[in-house]
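Okay, structure coming up:
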């Protein structure tokens, strides 16, 4: 399977390609199709590449040896170290510099936080990069048969943690509004990860329930009054 992607740099184009193909950076081959240069041939404005998954020929002995290695679980500290190394390599290829990656456990979830004060990209762009890197890391762990007992997420300079806190506050405020007015509310322009945070926040609130509707970029989240509460009110009105 081949994919064609375009971005401002080769590193970003390769990152997109690895996500589309669902492979690690070591498993991808590519060919530069087009490269637009800036003024006087300086600074690459856009680059378009064709990428594919590399084919590795393995003997039966090699496959057997690899399968035996994969069945032997690595210590969790070794898994976390490999996760940090993978993120570090991707960041260095994307931003052209080494970054510091801090790990911490919060609410039974491992957080890999990339810390660098020199990042000049916008907040939304950095959050999208964190989402893409997390997706790529999950694919890498599946390909390497790595196991981690906790869930994990990738953050950059605490941006995702701050956004999650804002989403939790939004979910609670909207829940109170739905209960007060007994009318559903539709939240648009939220990513799949944003919707997941809102779903999980209101999961234990028996007064309301949530559901995602629509498809693609038009997919949105609805917060509705609980059916049990609505049915109870209807019965009271009948009596």
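In this note's numbering, the protein residues as written are 358 to 596. Just so you know, even glycine gets a beta-carbon here, dropped at the ideal spot from N, CA and C. All values reported here derive from a predicted model rather than from experimental measurement.
Under DSSP, the alpha helix (DSSP H) around residue i begins and ends at which residues?
{"i": "residue 532", "result": "516 to 538"}
{"i": "residue 377", "result": "367 to 378"}
Within 9 Å of any Cβ in chain D, is that where the Cβ of residue i sits?
{"i": "residue 502", "result": "This model lacks chain D altogether; it includes just one protein chain."}
Considering only the alpha carbon of each residue, which of the options lies closest to residue i?
{"i": "residue 552", "options": "578, 540 and 511", "result": "578"}
{"i": "residue 384", "options": "362, 404, 500 and 452", "result": "500"}
{"i": "residue 467", "options": "538, 376, 509 and 514", "result": "509"}
{"i": "residue 515", "options": "434, 360, 481 and 442", "result": "481"}
{"i": "residue 378", "options": "475, 492 and 464", "result": "492"}
{"i": "residue 494", "options": "411, 572 and 436", "result": "436"}
{"i": "residue 507", "options": "580, 569, 462 and 442", "result": "462"}
{"i": "residue 451", "options": "537, 569, 547 and 486", "result": "486"}
{"i": "residue 475", "options": "464, 442, 513 and 465", "result": "513"}
What residues in its chain sit with their C-beta under 7 Å from that of residue i, if we drop five residues either side in the sequence?
{"i": "residue 556", "result": "567"}
{"i": "residue 459", "result": "470 and 472"}
{"i": "residue 373", "result": "362 and 364"}
{"i": "residue 490", "result": "444, 447 and 511"}
{"i": "residue 563", "result": "583"}
{"i": "residue 360", "result": "374, 377, 378 and 408"}
{"i": "residue 439", "result": "503"}
{"i": "residue 543", "result": "577 and 579"}
{"i": "residue 550", "result": "488"}
DSSP three-state call for residue i: helix, strand or coil?
{"i": "residue 460", "result": "strand"}
{"i": "residue 510", "result": "strand"}
{"i": "residue 424", "result": "A caution first: residue 424 carries a pLDDT of 42, below 50, which makes its placement in the model unreliable, though a value can still be read off. The answer is helix: DSSP assigns residue 424 an H, G or I state."}
{"i": "residue 386", "result": "strand"}
{"i": "residue 479", "result": "coil"}
{"i": "residue 579", "result": "strand"}
{"i": "residue 560", "result": "coil"}
{"i": "residue 569", "result": "strand"}
{"i": "residue 410", "result": "strand"}
{"i": "residue 495", "result": "helix"}
{"i": "residue 361", "result": "strand"}
Taking 8 Å as the cut-off, does the CB of residue i come closer than this to any heavy atom belonging to the ligand NAP?
{"i": "residue 488", "result": "In the structure on display, the ligand NAP does not appear, and there are no ligands present to speak of."}
Just mark residue i as buried or exposed, buried being the case when its beta carbon has 16 or more other beta carbons within 10 Å.
{"i": "residue 497", "result": "buried"}
{"i": "residue 358", "result": "exposed"}
{"i": "residue 505", "result": "exposed"}
{"i": "residue 532", "result": "buried"}
{"i": "residue 517", "result": "buried"}
{"i": "residue 408", "result": "buried"}
{"i": "residue 389", "result": "exposed"}
{"i": "residue 434", "result": "exposed"}
Excluding the five sequence neighbours on either side, which residues of its own chain have a C-beta within less than 8 Å of the C-beta of residue i, listed in chain order?
{"i": "residue 403", "result": "363, 364, 365, 391, 392 and 393"}
{"i": "residue 457", "result": "471, 472 and 473"}
In chain order, what residues of the same chain lie with their CB nearer than 6 Å to the CB of residue i, ignoring the 5 residues before and after it?
{"i": "residue 525", "result": "558"}
{"i": "residue 554", "result": "521 and 524"}
{"i": "residue 528", "result": "555, 558 and 559"}
{"i": "residue 598", "result": "There is no way to answer for residue 598, as the model of the chain reaches only from 358 to 596."}
Going by DSSP, what residue range makes up the beta strand (DSSP E) through residue i?
{"i": "residue 466", "result": "466 to 472"}
{"i": "residue 450", "result": "Careful: residue 450 lies outside any beta strand (DSSP E), inside the alpha helix (DSSP H) at 433 to 452."}
{"i": "residue 544", "result": "542 to 544"}
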